[in-house]
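Asks: Residue numbers (my numbering), protein chains in the order written: chain A, -4 to 201; chain B, -4 to 201.
Here it is, the structure in full.
2 protein chains.
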Amino acid sequence: METIPTSTLKRLPVYLEVLRQMKQAGLTEVTTTKISVFSNLHQTLVRKDIGFTKVIPDKAKFNIAALQKAIEELLNWSDTSASFLVGVGHLGSALLGYQEFSQRGLSIVAAFDNDPKLIGTEVHGVPVYSALDFTAMAKKQKIQIGIITVPPEAAQLIADIMVHSDIKAIWNFTPQKILVPPSIIVEYVDMFASLAVLSRRLAEKQ
Amino acid sequence: METIPTSTLKRLPVYLEVLRQMKQAGLTEVTTTKISVFSNLHQTLVRKDIGFTKVIPDKAKFNIAALQKAIEELLNWSDTSASFLVGVGHLGSALLGYQEFSQRGLSIVAAFDNDPKLIGTEVHGVPVYSALDFTAMAKKQKIQIGIITVPPEAAQLIADIMVHSDIKAIWNFTPQKILVPPSIIVEYVDMFASLAVLSRRLAEKQ
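Here you go:
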């Protein structure tokens, strides 16, 4: 399978969103120029990124449905992967209720916490188990994706448990950098990094 | 005020987290080598980044409390900025309950939605108003930061309203790229971009 550059991968969801809105508006065909305008990205980039789909335009016009399907396949969003989430606080709970994931190939099938008040309950329809059950359940269900939404000081411990449970990819929502074997995929959603840039740039302006 | 590179700004919260944990463990002093190990970042980077604080080490050892304070000042996290959030769905609600922001200079003082069932209620103690009240309230309270957690197709409209309401910095949690005048600061927390990379890298491995 071809390795697609990270920068391209990060832009593909933007195109998907543009295509979705165009389809909703009743359009069936689109040019890269139009995608470029609506995604606020340079045409050269858009052309290069769309090129990875191998979809052939008809007189420079792409069929919107075909392009959506091809991008979703590139992202493996056409298949649904089961995942486990650890840490059912505010953020974890929100992710459990975030329906947008299911359209993007991700299904959170179980959540874990160490709070006895949460264990045995359901949050947005997802059952919450004791963190002690993580390894046995993950191995049994051959779960490949683990989501970390615990406090940062617990992130490394949870990552270790995940690696030990044969998790292949970790989605870390804490600012804590985690150390894992090189074969494990780690992606961060670091809100505080983004907030840091926002706060400083605002202060620099004053 | 000195312009700090974005890459440095994004790493500063990582150091803050490392320092916080060290302080909690009872330490009072730290070397850049130790910060480098615990943040999983190269020492050269750590030294360069810490250099922006102008804190002088004593025999290569930094006072942890002084370093924390200096980083927080660089990020303008020592002051608290009031902000408004628009879109009280799962993600918006979660952010309203996310206490971690208050330690990072951000206070969400009001939320806005167009759902009559939400307007007039409080979510995690934050009052929810009609989106129609945004401009008048933002101007009156001189709000500088707007947070967007609406569905992506509404993001541009909300951004336009924010700009019109004299908001100076927009924190956009949707995958929708927004067009604003160049003087407006825009930061994205794009979960789907991160999920795209995670999903593809996992698929490439199989």
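For every residue, glycine included, the Cβ atom is placed at its ideal position computed from N, Cα and C.
Report the residue from B:S31, B:K112, B:F129, B:V81 whose alpha carbon sits nearest the alpha carbon of L11 (chain B).
Replies: Against the second sequence, residue 11 (chain B) aligns to sequence position 16. Answer by Cα proximity: B:S31.
Asks: Could you spell out where the alpha helix (DSSP H) holding V41 (chain B) opens and where it closes?
Replies: Within the second sequence, residue 41 (chain B) is the residue found at index 46, counting from 1. Here the alpha helix (DSSP H) through V41 (chain B) covers 38 to 46.
Asks: Kindly provide the ranges of any alpha helix (DSSP H) runs that are 4 or more residues long and lie completely inside the stretch 51 to 79 of chain A, ordered along the chain.
Replies: Counting only runs of 4 or more, we get 59 to 69.
Asks: Spell out the partners DSSP gives V25 (chain B) in its beta bridges.
Replies: Locating residue 25 (chain B) in the second sequence gives position 30, counting from the first residue. DSSP output for V25 (chain B) lists B:F57 as bridge partner(s).
Asks: Which word fits G253 (chain A), buried or exposed, when buried means at least 16 other C-beta atoms lie within 10 angstroms of its C-beta?
Replies: Chain A is shown from -4 up to 201; residue 253 (chain A) falls before or after that span and cannot be answered.
Asks: Skipping 5 residues on each side, what residues in its chain have a beta carbon closer than 7 Å to that of L69 (chain B)?
Replies: Here residue 69 (chain B) corresponds to residue number 74 of the second sequence, with the count starting at 1. Taken in chain order, the residues that qualify are I(-1), L7, F47, T48.
Asks: Measuring CB to CB, does M17 (chain B) end up less than 9 Å from F79 (chain B)?
Replies: Residue mapping note: residue 17 (chain B) aligns to position 22 of the second sequence, counting from 1. Residue mapping note: residue 79 (chain B) aligns to position 84 of the second sequence, counting from 1. Not in contact: M17 (chain B) and F79 (chain B) (Cβ atoms no closer than 9 Å).
Asks: Looking at C-beta atoms only, is the number of pairs between the stretch 113 to 123 of chain A and the stretch 134 to 153 of chain A that lie closer than 8 Å three or more?
Replies: These segments do not touch.
Asks: Provide the residue span of the beta strand (DSSP E) that contains Y10 (chain A), from first to last.
Replies: Along the first sequence, one-based indexing puts residue 10 (chain A) at 15. No beta strand (DSSP E) contains Y10 (chain A), which is instead part of the alpha helix (DSSP H) from 1 to 19.
Asks: State buried or exposed for L193 (chain B), treating a residue as buried only when at least 16 other CB atoms are found within 10 Å of its CB.
Replies: Translated into positions along the second sequence, residue 193 (chain B) becomes position 198. Buried, because 16 or more other Cβ atoms sit within 10 Å of the Cβ of L193 (chain B).
Asks: Are three or more beta carbon pairs between the stretch 147 to 161 of chain A and the stretch 170 to 189 of chain A nearer than 8 Å?
Replies: The stretch 147 to 161 of chain A is in contact with the stretch 170 to 189 of chain A.
Asks: Give the interface partners of T1 (chain B) over in chain A, defined as CB-CB distance under 8 Å, in chain order.
Replies: By 1-based counting over the second sequence, the position of residue 1 (chain B) is 6. Chain A residues near T1 (chain B): V192.
Asks: For chain B, find out if any of its Cβ atoms is closer than 9 Å to the Cβ of P170 (chain A); answer yes or no.
Replies: Position 175 of the first sequence, counted from the first residue, corresponds to residue 170 (chain A). Yes, P170 (chain A) lies at the interface with chain B (some Cβ there is under 9 Å from its Cβ).
Asks: Could you spell out the range, first to last residue, of the beta strand (DSSP E) harbouring I173 (chain A)?
Replies: Along the first sequence, one-based indexing puts residue 173 (chain A) at 178. It is not in any beta strand (DSSP E) - I173 (chain A) carries neither H nor E in the DSSP assignment.
Asks: Please check if any C-beta of chain A sits within less than 9 Å of the C-beta of E153 (chain B).
Replies: Here residue 153 (chain B) refers to the residue found at position 158 when the second sequence is read from its first residue. In the sequence on display, residue 153 (chain B) carries Ile and not Glu. So, not an interface residue.
Asks: Could you pull out every unbroken beta strand (DSSP E) segment of at least 3 residues lying fully inside the stretch 135 to 171 of chain B, listed in chain order?
Replies: As far as the stretch 135 to 171 of chain B is concerned, its whole beta strand (DSSP E) runs of at least 3 residues are 140 to 143, 164 to 167.
Asks: Does chain B have any CB closer than 9 Å to the CB of Q38 (chain A)?
Replies: Mapped onto the first sequence, residue 38 (chain A) falls at position 43. It does not; no Cβ of chain B falls within 9 Å.
Asks: If Q38 (chain A) sits next to T27 (chain A), beta carbons under 8 Å apart, how far is it from one beta carbon to the other, in whole angstroms?
Replies: Walking along the first sequence from the start, residue 38 (chain A) turns up at place 43. Walking along the first sequence from the start, residue 27 (chain A) turns up at place 32. At roughly 6 Å, the Cβ-Cβ gap stays under 8 Å, so Q38 (chain A) and T27 (chain A) are in contact.
Asks: Please classify I110 (chain B): does DSSP put it in a helix, a strand, or coil?
Replies: Taking the first residue of the second sequence as position 1, residue 110 (chain B) is located at position 115. Sequence check: residue 110 (chain B) is Asp here, not Ile. Three-state result, D110 (chain B): coil.
Asks: Checking contacts by CB at 9 Å: is D110 (chain A) closer than that to chain B?
Replies: Here residue 110 (chain A) refers to the residue found at position 115 of the first sequence. So no, D110 (chain A) is outside the interface.
Asks: Check for me: the beta strand (DSSP E) holding V123 (chain A) runs from which residue to which?
Replies: Your numbering for residue 123 (chain A) matches position 128 in the first sequence. 121 to 125 is the span of the beta strand (DSSP E), which, as asked, contains V123 (chain A).
Asks: Using CA coordinates, which residue listed in A:K29, A:F96, A:A65, A:Y124 is at the minimum distance from S189 (chain B)?
Replies: As a first step, residue 189 (chain B) is located in the second sequence; it is residue number 194 there, counting from the start. Comparing Cα-Cα distances from S189 (chain B) to each of A:K29, A:F96, A:A65, A:Y124, the minimum goes to A:F96.
Asks: Over what stretch of residues does the beta strand (DSSP E) that includes E182 (chain A) continue unbroken?
Replies: Here residue 182 (chain A) corresponds to residue number 187 of the first sequence, with the count starting at 1. E182 (chain A) -> beta strand (DSSP E) spans 180 to 183.
Asks: Take I140 (chain A) as the anchor and find which of A:S76, A:A65, A:K29, A:T3 has the nearest alpha-carbon.
Replies: Residue numbering aside, residue 140 (chain A) sits at position 145 when the first sequence is read from its first letter. With distances taken between Cα atoms, I140 (chain A) lies closest to A:S76.
Asks: Report the option in A:K112, A:E182, A:L90 whose CA atom is closest to the CA atom of A105 (chain A).
Replies: Taking the first sequence and counting its residues from 1, the one referred to as residue 105 (chain A) is at position 110. Of A:K112, A:E182, A:L90, the residue nearest in Cα terms is A:L90.
Asks: Distance, Cα to Cα, G1 (chain A) vs L86 (chain B)?
Replies: Locating residue 1 (chain A) in the first sequence gives position 6, counting from the first residue. Locating residue 86 (chain B) in the second sequence gives position 91, counting from the first residue. This sequence places Thr at residue 1 (chain A); Gly is not what is there. Roughly 25 Å between the two C-alpha positions.
Asks: Can you find the residues in the same chain that come closer than 7 Å, C-beta to C-beta, to A126 (chain A), ignoring five residues on each side of it along the sequence?
Replies: Numbered from 1 along the first sequence, position 131 holds the residue referred to as residue 126 (chain A). Correct list, in chain order: V81, F107, D108, N109.
Asks: In chain order, what residues of the same chain lie with their CB nearer than 6 Å to the CB of V41 (chain A), ignoring the 5 residues before and after it?
Replies: Taking the first sequence and counting its residues from 1, the one referred to as residue 41 (chain A) is at position 46. Closer than 6 Å at Cβ, skipping near neighbours: T27, I30, S31.
Asks: Just verifying my parser: in three-state terms, what is the DSSP assignment at V32 (chain B)?
Replies: Residue mapping note: residue 32 (chain B) aligns to position 37 of the second sequence, counting from 1. Here V32 (chain B) sits in helix by DSSP.
Asks: Provide the residue span of the alpha helix (DSSP H) that contains F187 (chain B), from first to last.
Replies: Mapped onto the second sequence, residue 187 (chain B) falls at position 192. 186 to 200 is the span of the alpha helix (DSSP H), which, as asked, contains F187 (chain B).
Asks: Per DSSP, which residues does L101 (chain A) bridge with? Please list them.
Replies: Here the question's residue 101 (chain A) lines up with position 106 in the first sequence. L101 (chain A) is bridged to A:S76.
Asks: Could you run through the stretch 131 to 151 of chain B and flag, in chain order, every residue whose CB is less than 8 Å away from some CB of chain A?
Replies: Taking 8 Å as the Cβ-Cβ cut-off against chain A, the residues of the stretch 131 to 151 of chain B that qualify are Q139, I140, P147, E148.
Asks: For V258 (chain B), which residues in chain A fall below 8 Å Cβ to Cβ?
Replies: This structure cannot speak to residue 258 (chain B), because chain B is shown only from -4 to 201.
Asks: Give a yes or no on whether 9 Å exceeds the smallest Cβ distance from T28 (chain A) to chain D.
Replies: No chain D appears in this structure, whose protein chains are A and B.
Asks: Between which residues of its own chain and P176 (chain B) is the CB-CB distance below 7 Å, once the five residues before and five after are set aside?
Replies: Here the question's residue 176 (chain B) lines up with position 181 in the second sequence. Once the five neighbours on either side are set aside, the close Cβ partners of P176 (chain B) are V158.
Asks: Since G87 (chain A) is in the alpha helix (DSSP H), which residue starts that stretch and which ends it?
Replies: Translated into positions along the first sequence, residue 87 (chain A) becomes position 92. Looking at the DSSP string, the run of the alpha helix (DSSP H) that includes G87 (chain A) is 85 to 91.
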